[in-house]
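Enquirer: Sequence lines, in order, name chains A and B.
Quick note, the working numbering runs 736 ahead of the 1-based positions in the first sequence.
Quick note, the working numbering runs 2 ahead of the 1-based positions in the second sequence.
The structure follows.
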Amino acid sequence: MKNMNPFWRGMLALLVFSLAGYGVGLGLDVLVDGKVNFSGPVPGVFALFFGFTAFFLGVFGYRGITRGLVWQVVGTLIGGLFVALIRLVMGLPAFGDFFFTEPSWVFGGLTGVLSFIVGVGVVDDWIKWARGLDTPEHHEEHYSDWRKYFGVSVDHKVIGVQYTVTALLLIAVGGLFALIFRTELAASKLQFLTDQTQLFGQNGPQLFNTLMSLHGMIMIVSILLGISGIINYVVPLLLGAQDMAFPRLNAFSYWIAVPAAVLLLSSLFLGGFDTGWTGYPPLSARAPVGMQMFFLGVFVAGWSSVLSALNVLVTVVRMRSVGMTAMKMPIFVWASVATSLIALTATQFIGLSFQLVMFQRLFGMGFFDAAKGGNPILFQHLFWFYSHPAVYVFVLPGLGVISELLPVFVRKPLFGYRWVAMSSLGIALVGFLVWAHHMFTSGMNEYLRVPFMYSTLLVAVPTGVKFFSWVATIWKGRISTPTPMLFALGAIVVFLLGGLTGPPNATVSTDLHLHDTYFIVGHFHDTIFGGFVFPFFAALYYWFPKATGRRMNETLGKIHFWLMTPSFLFLTLGMMYVGLIGMRRRIVDYDPALLIDGWHLALTVSAFLIAISVLVFFYNFFYSIKNGEKAEGNLWHSRSPEWQVPSPMPVHNYDRPFEVVGEPYDYGLNDAGYVKFIESAGGKHG
Amino acid sequence: MAHSQDKHSALGQGVTIFIYLAILTLLEYFVAVSFNATSLLVVMAVSKAALVMYYYMHIYKLGADDGADPHSYAYKTGTNRFGLWLFLLSDGFVFAGLLATRINLLGFTRPHQLSQILGLGVTAVLLISSFFMNRGETAMKYGDRKGFMLNTAITFLLGLGFFIGVIFVEWRLAAAEGLTASFGNPADGPMGAVFYIMTGMHAFHVLTGLIFLYVVWNNARKGVYTAEKHWGVEAAAVYWHFVDLVWIFFYPALYLIGTAV
Ligand code: HEM
Ligand SMILES: [Cu+2]
Chain A
737 MKNMNPFWRG MLALLVFSLA GYGVGLGLDV LVDGKVNFSG PVPGVFALFF GFTAFFLGVF
797 GYRGITRGLV WQVVGTLIGG LFVALIRLVM GLPAFGDFFF TEPSWVFGGL TGVLSFIVGV
857 GVVDDWIKWA RGLDTPEHHE EHYSDWRKYF GVSVDHKVIG VQYTVTALLL IAVGGLFALI
917 FRTELAASKL QFLTDQTQLF GQNGPQLFNT LMSLHGMIMI VSILLGISGI INYVVPLLLG
977 AQDMAFPRLN AFSYWIAVPA AVLLLSSLFL GGFDTGWTGY PPLSARAPVG MQMFFLGVFV
1037 AGWSSVLSAL NVLVTVVRMR SVGMTAMKMP IFVWASVATS LIALTATQFI GLSFQLVMFQ
1097 RLFGMGFFDA AKGGNPILFQ HLFWFYSHPA VYVFVLPGLG VISELLPVFV RKPLFGYRWV
1157 AMSSLGIALV GFLVWAHHMF TSGMNEYLRV PFMYSTLLVA VPTGVKFFSW VATIWKGRIS
1217 TPTPMLFALG AIVVFLLGGL TGPPNATVST DLHLHDTYFI VGHFHDTIFG GFVFPFFAAL
1277 YYWFPKATGR RMNETLGKIH FWLMTPSFLF LTLGMMYVGL IGMRRRIVDY DPALLIDGWH
1337 LALTVSAFLI AISVLVFFYN FFYSIKNGEK AEGNLWHSRS PEWQVPSPMP VHNYDRPFEV
1397 VGEPYDYGLN DAGYVKFIES AGGKHG
Chain B
3 MAHSQDKHSA LGQGVTIFIY LAILTLLEYF VAVSFNATSL LVVMAVSKAA LVMYYYMHIY
63 KLGADDGADP HSYAYKTGTN RFGLWLFLLS DGFVFAGLLA TRINLLGFTR PHQLSQILGL
123 GVTAVLLISS FFMNRGETAM KYGDRKGFML NTAITFLLGL GFFIGVIFVE WRLAAAEGLT
183 ASFGNPADGP MGAVFYIMTG MHAFHVLTGL IFLYVVWNNA RKGVYTAEKH WGVEAAAVYW
243 HFVDLVWIFF YPALYLIGTA V
């Protein structure tokens, strides 16, 4: 075992221990229930937990993430047992349907997260500070090879990669869930997830609801992690900073997202839930325990997003290079600022709204319970006050990536730099004024409808500025189309479709028909793919060489693009069509009389095609890390500072500071460039 | 006035501001018991908040010139300060959301079960604690470690008093009067729910503030801070005043505004 490749050692451990865990779970189940249940939640949980912990143990040893996970489980058990004990003393039932009762699970979930944080070691330095001890600015990593990503590091580049890879993993999980429930939708009636299906204590339709709901939220979390990944990696490099302003906080933000994801996934095993990602009461006030794990997971992930937004804002304000005035910052930095402003503030509202439902369930506090004088509509206001601005959190960095990449690949200045920079802030601000457009049919006061309709239509103005700038930038440029550029162009087309389908939703008269149909599903997949997924891929293809010194394979990249784009366009346009015909969203079955069976089959096929294209991407990504073609220079002939030094980026970033001497996007003009490195007195040249 | 030069006038300024705040708080109370003047109460709360933010939390330091050397302690402190304020902004949204919830669910009513005397009492205790916190921070700024420790210890005890007053006295009294968070008791309405969540979330912040105070007190005992380098002290002080700031809005929202039903 000793001289085996650690990755394969981990895989072997995964296999052996997940089987062992399954057996243990099965045994426990038999002890408690007296009968064998192969598809129950307990063996599944044990198999997953044993397997993954063993995997990390095999790869990495008992430290970092392994220790975090073990501590999380132990912490959850201790917290849960503690509450069970209290309930016992109070004369209440100590154990419930899913071993623990709901209060035990919630409290245990919380103590589990705290234990993870301590176990993984990300608060070690803070504890020392609290005790009045000093800590070194930089830590030596335990490993310097790829295994360093499994432990706590305060290097923004490592954290950026950690975020990005975690986001990709979550995208894979969320995508898998989508494929499962999309398969059931391929034809009317129930064939795949039927009433007879039994898994984790849920039947087919229940499973459909859980997977559909989890798909939504897992994807949202993966988006939040994905944008943090790109921002973390790129922004300090663009600014010429050594690191983020608060490196430890940065690591903390990342590491609390991991137990949050575990909580989120655990809801699948605790009865699931059926509300969709929005978690509206009254339904969410009576869904199974899984609902609470969902709320708690999102709550913790929300803090991750808040703290990383804080870090970004401080970094941009305080750590820019000499000469980088506001109007000379790269446009992606502006986009990050706008996103972070929203994430910093609005996120608290979704956290609060979920917290209030949790308390309603735990203590019977009637915030949203109409029978007790509460107001369910209030939940929707609190929820959308975050969740509408949140859609701009998702897309602004992506739109920034488009603006950042276009000039490089058309060799022309970015058209209207100032307007583009300001439009990000404009979108962020107006985005706060439109939330109730999600509530036209909710029964809120009717006089609110028209103002929210107009404020929503107003968002089109700053968004239009961006489109205008993109088109004008491309106009008469010397266009080349390597993979990152293809994805940037694809993003523009897809985002345009998403943007155009917004106003019909925002117009009260049409929304009354469209609300809660597949038209909405088509709308937001277009906006989110155009604003996040396509630009995210563009960014990965573009900055991959910076991180690894190798580039991803172009042919595979083009296959990825040309397979995904048409399939995706067909998928969303088809969704909109069936929506107009009368297909409701979030439902396991539909009426054959709608005559949309054929459409649904085609939509399912296109969903699988997208999945295949993403598999091609995954292969390309992991294969190229070691075996890609070497690319250590300024591969894209960019003016940006990070490309003026060799790849992969050195550990402590630039060895000399730089000064901004020109405009960021003056491609094709004769000038001295954007930045100039400052030679230290008597320093070496080269 | 903001940039006092010597220790004596800096402490004197703290006293002046405290007197303003105390008068405003008493006025608030008497206005509320005498007339129904919600807008006046809002104006007074906002003025109190402005005084606390400017003089006790010295928000103006955000614009201070920290010099050009990014590795200096002053520059790093400026960075930390900005981060702390962003954190408070974010946290402020939690409390804004709670206020919005209260306005939506209770409107112009408030729970009649609360004890007005106790409410004014805990409010006064928290306000006085802010006064001592300010003295403590000022002492540290002038290198007076003993003065810092003494004043911070007083702040801590007052803060503890507030916490006990709310959680162990007011909560019990209110529950005894019939204001409950409704463990399945549908007659309660959202009144109790709103009261307990608002005071509970605030008390949670008081608790974290107390821990923070203990940490800096203990570090001062070990001699970690100097007149030039005491970011930890400043952070604890600003956070403590923030907790007071929230209560400046929560107190009228729960005890004074609207009719008691
Ligand atoms: C920035 C890109 C955008 C993103 C990421 C986005 C995302 C979303 C999402 C996720 C939903 C569904 C929420 C749910 O689950 O119920 C949604 C619905 C909606 N979107 Fe967008 N959207 C974007 C742009 C727009 C624009 C430009 C408009 C209008 C001008 C718009 C108007 C609406 C409306 C009115 C709804 C509610 C429809 C309903 O539920 O009846 N969106 N959007
Ligand atoms: Cu919206």
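Beta carbons: idealized from backbone N, C-alpha and C, even for Gly.
Under 9 Å, Cβ to Cβ, is there at least one residue of chain A near Gly-99/B?
Expert: Yes, contact with chain A.
Enquirer: If we ignore side chains and look at the alpha-carbon of each, how far apart do Asn-1111/A and Trp-991/A end up?
Expert: One C-alpha to the other measures close to 36 Å.
Enquirer: Note down, one range per segment and in chain order, each alpha helix (DSSP H) of at least 4 residues found wholly within the region 1109-1154 of chain A.
Expert: Here the runs fully enclosed are 1112-1146.
Enquirer: Could you tell me the distance, in whole angstroms, from the CA atom of Leu-1114/A to the CA atom of Asn-106/B?
Expert: Rounded to the nearest angstrom, the two C-alpha atoms are 7 Å apart.
Enquirer: Gly-911/A to Leu-1345/A, Cα distance in whole Å?
Expert: For Gly-911/A and Leu-1345/A, the distance between alpha carbons rounds to 12 Å.
Enquirer: Comparing the CB of Trp-1171/A with every heavy atom of ligand 2, is any distance shorter than 8 Å?
Expert: Yes, since a heavy atom of ligand 2 falls inside the 8 Å radius drawn around the Cβ of Trp-1171/A.
Enquirer: Cβ of Thr-1199/A within 8 Å of any heavy atom in ligand 2?
Expert: No, the Cβ of Thr-1199/A stays beyond 8 Å of every heavy atom of ligand 2.
Enquirer: Would you tell me roughly how many angstroms separate the C-alpha atoms of Asp-1333/A and Met-1312/A, rounded to the nearest one?
Expert: Looking at the two C-alpha atoms, the distance is approximately 15 Å.
Enquirer: Thr-111/B bridges to which residues according to DSSP?
Expert: BP columns for Thr-111/B point to Thr-261/B.
Enquirer: Which same chain residues, not among the five before or five after Pro-1281/A, have their C-beta less than 7 Å away from its C-beta?
Expert: Arg-1287, Ala-1367, Leu-1371, Ser-1383.
Enquirer: Going by CA-CA distance only, name the one from Tyr-1016/A, Arg-1054/A, Gly-770/A, Leu-751/A that's closest to Arg-1097/A.
Expert: Selected option, being the one with the closest Cα: Tyr-1016/A.
Enquirer: Is the CB-CB distance between Tyr-57/B and Gly-16/B below 9 Å?
Expert: Their beta carbons are under 9 Å apart, which means Tyr-57/B touches Gly-16/B by this criterion.
Enquirer: Please list the segments of the beta strand (DSSP E) lying wholly inside the region 1342-1376 of chain A, counting only runs of 3 or more residues, in order along the chain.
Expert: Those beta strand (DSSP E) runs which fall completely within the region 1342-1376 of chain A and span 3+ residues do not exist here.
Enquirer: Rounded to whole angstroms, how far is the Cβ of Val-795/A from the Cβ of Phe-743/A, which I believe are closer than 8 Å?
Expert: Indeed, because the Cβ distance is near 6 Å, the residues count as touching under 8 Å.
Enquirer: Between which two residues does the alpha helix (DSSP H) holding Phe-252/B run?
Expert: Per DSSP, Phe-252/B belongs to the alpha helix (DSSP H) from 233-253.
Enquirer: Distance check for Leu-1000/A and Leu-961/A, CA to CA, integer angstroms please.
Expert: So the alpha carbons of these two residues sit roughly 14 Å apart.
Enquirer: Return yes when the C-beta of Val-1127/A is under 8 Å from any heavy atom of ligand 2, and no when it is not.
Expert: Checking every heavy atom of ligand 2 against the Cβ of Val-1127/A, one is found closer than 8 Å.
Enquirer: Taking 8 Å as the cut-off, does the CB of Thr-1081/A come closer than this to any heavy atom belonging to ligand 2?
Expert: It does not: the Cβ of Thr-1081/A is nowhere closer than 8 Å to a heavy atom of ligand 2.
Enquirer: Just tell me which of Trp-1070/A, Thr-802/A, His-1296/A, Phe-1090/A has its CA closest to the CA of Val-1269/A.
Expert: Comparing Cα-Cα distances from Val-1269/A to each of Trp-1070/A, Thr-802/A, His-1296/A, Phe-1090/A, the minimum goes to His-1296/A.
Enquirer: Near Ser-6/B, which residues of its chain fall below 6 Å by C-beta distance, leaving aside the five closest residues on each side in sequence?
Expert: Unreliable positioning characterises Ser-6/B in this predicted model, as indicated by a pLDDT of 47, which lies under 50. A coordinate reading is not provided.
Enquirer: Comparing C-alpha positions only, which one of Tyr-1410/A, Tyr-1326/A, Met-1189/A, Gly-1310/A sits nearest to Thr-1340/A?
Expert: Considering only alpha carbons, the answer is Gly-1310/A.
Enquirer: Provide the residue(s) that pair with Leu-793/A in DSSP beta bridges, ordered along the chain.
Expert: Answer is none; Leu-793/A lacks a bridge partner.
Enquirer: So which of Arg-1321/A, Met-1221/A, Met-1385/A has the shortest CA-CA distance to Ala-1274/A?
Expert: It is Met-1221/A.
Enquirer: Within 9 Å (strictly less), CB to CB, does Tyr-198/B reach chain A?
Expert: Cβ-Cβ to chain A under 9 Å: yes for Tyr-198/B.
Enquirer: Taking Ser-74/B as the query, report the chain A residues whose CB atoms sit under 9 Å from its CB, ordered along the chain.
Expert: Near Ser-74/B there are no residues of chain A at all, since even the closest Cβ is about 12 Å away, more than 9 Å.
Enquirer: Alpha carbon to alpha carbon, how far is Phe-1357/A from Leu-904/A? Give it in angstroms, no decimals.
Expert: So the alpha carbons of these two residues sit roughly 11 Å apart.
Enquirer: Taking just the CA atoms, how far does Ser-1123/A sit from Ala-4/B?
Expert: Since pLDDT at Ala-4/B reaches only 45, below the 50 mark, its modelled position is unreliable, and the value read off the structure follows with that caveat. Straight-line Cα distance between these residues: approximately 40 Å.
Enquirer: Starting from the Cα of Ala-1074/A, find the closest Cα among Val-1053/A, Ile-1086/A, Phe-1085/A, Gly-1087/A and give me that residue.
Expert: The residue with the shortest Cα to Cα distance from Ala-1074/A is Val-1053/A.
Enquirer: List the residues of chain A that Asn-221/B touches, going by C-beta distances under 7 Å, in chain order.
Expert: Within 7 Å Cβ-Cβ: Gly-868.
Enquirer: Between His-1117/A and ligand 2, is the CB less than 8 Å from at least one heavy atom?
Expert: No, ligand 2 has no heavy atom inside 8 Å of this Cβ.
Enquirer: Taking 8 Å as the cut-off, does the region 217-230 of chain B touch the region 90-102 of chain B (at least 3 CB pairs, one atom from each stretch)?
Expert: In short, these stretches do not touch, since the Cβ pair count stays below three.
Enquirer: Around the C-beta of Trp-696/A, are 16 or more other C-beta atoms found within 10 angstroms, so that it is buried, or is it exposed?
Expert: Residue coverage of chain A in this structure runs from 737 to 1422, which leaves residue 696/A outside it and unanswerable.
Enquirer: With 9 Å as the limit, tell me which residues of the region 1086-1101 of chain A have their beta carbon closer than that to any beta carbon of chain B; keep them in chain order.
Expert: Of all residues in the region 1086-1101 of chain A, Gly-1087, Leu-1088, Ser-1089, Gln-1091, Leu-1092, Phe-1095, Gln-1096, Phe-1099, Gly-1100, Met-1101 have a Cβ within less than 9 Å of some Cβ in chain B.
Enquirer: By DSSP, does Gly-1422/A sit in helix, in strand, or in coil?
Expert: Confidence in Gly-1422/A is poor, its pLDDT being 34 and thus under 50, which makes the residue's placement unreliable; the coordinate value appears in the next sentence. Note: Gly-1422/A maps to coil in three-state DSSP.
Enquirer: Does any residue of chain B have a CB that is nearer than 9 Å to the CB of Gly-1419/A?
Expert: Summary for Gly-1419/A: the model assigns pLDDT 42, below 50, so the residue's position carries little reliability; its value from the coordinates is reported in the next sentence. False, the Cβ-Cβ gap to chain B never drops below 9 Å.
Enquirer: Is the beta carbon of Thr-1243/A within less than 8 Å of some heavy atom of ligand 2?
Expert: Thr-1243/A: no, Cβ never under 8 Å from ligand 2.
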